[in-house]
Amino acid sequence: MSVKIRLTRGGAKKRPYYSIVVADSRAPRDGAFIEKVGTYNPMLPAEHPERVTLKDERLKYWLSNGAQPTERVAKFLGKANLIEMPKFRDTPKKSAPKAKAQERAKLAAKAAEA
Numbered sequence: 001m002s003v004k005i006r007l008t009r010g011g012a013k014k015r016p017y018y019s020i021v022v023a024d025s026r027a028p029r030d031g032a033f034i035e036k037v038g039t040y041n042p043m044l045p046a047e048h049p050e051r052v053t054l055k056d057e058r059l060k061y062w063l064s065n066g067a068q069p070t071e072r073v074a075k076f077l078g079k080a081n082l083i084e085m086p087k088f089r090d091t092p093k094k095s096a097p098k099a100k101a102q103e104r105a106k107l108a109a110k111a112a113e114a
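Numbering (full-length UniProt numbering) for the sequence shown: 1 to 114.
Below, the structure is given as structure tokens:
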């Protein structure tokens, strides 16, 4: 059985609130879970101390037993110094403007300055 540490969504419409849970990877996002190990409230400011709450001892236990955090949860754990901060991928180069669009942007910027 593969175990994941991931988010489950709660809260009202347009007012999200997430629980950080340990769950079987085959279980649905908001379905059955093994243990609740924290919360995440994205409605609070980034510097607010209650935006992310974690049960450190239980998280260390699950990580030592092989539980894999999702990308978002890994970022939370990295900030809490429970694991090494993950490396995030850069945005794809395919989405960058092409040469002609960059030239037009430069010309528009020059015209705006003049």
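All C-beta atoms in this analysis are idealised placements derived from N, C-alpha and C, irrespective of residue type, glycine included.
Taking only three categories from DSSP, how would you classify residue i?
i: residue 78; result: helix
i: residue 54; result: strand
i: residue 113; result: helix
i: residue 94; result: helix
i: residue 103; result: helix
i: residue 87; result: coil
i: residue 108; result: helix
Can you check DSSP and say which residues form a bridge with residue i?
i: residue 68; result: 4
i: residue 35; result: 22
i: residue 40; result: 18 and 52
Which value, in whole angstroms, describes the spacing of the CA atoms of residue i and residue j?
i: residue 17; j: residue 64; result: 27 Å
i: residue 110; j: residue 97; result: 18 Å
i: residue 6; j: residue 21; result: 6 Å
i: residue 36; j: residue 90; result: 31 Å
i: residue 14; j: residue 114; result: 44 Å
i: residue 86; j: residue 49; result: 21 Å
i: residue 88; j: residue 11; result: 28 Å
Please check the pair residue i and residue j, which I expect to be a contact at CB under 8 Å, by giving their CB distance rounded to whole angstroms.
i: residue 8; j: residue 19; result: 5 Å
i: residue 3; j: residue 78; result: In fact, because the Cβ distance is near 19 Å, the residues do not count as touching under 8 Å.
i: residue 107; j: residue 82; result: About 50 Å separates the two Cβ atoms, so there is no contact after all.
i: residue 40; j: residue 29; result: At roughly 14 Å, the Cβ-Cβ gap does not stay under 8 Å, so residue 40 and residue 29 are not in contact.
* **Within the segment 3–27, ranges of the alpha helix (DSSP H) (whole runs, at least 4 residues)** => none
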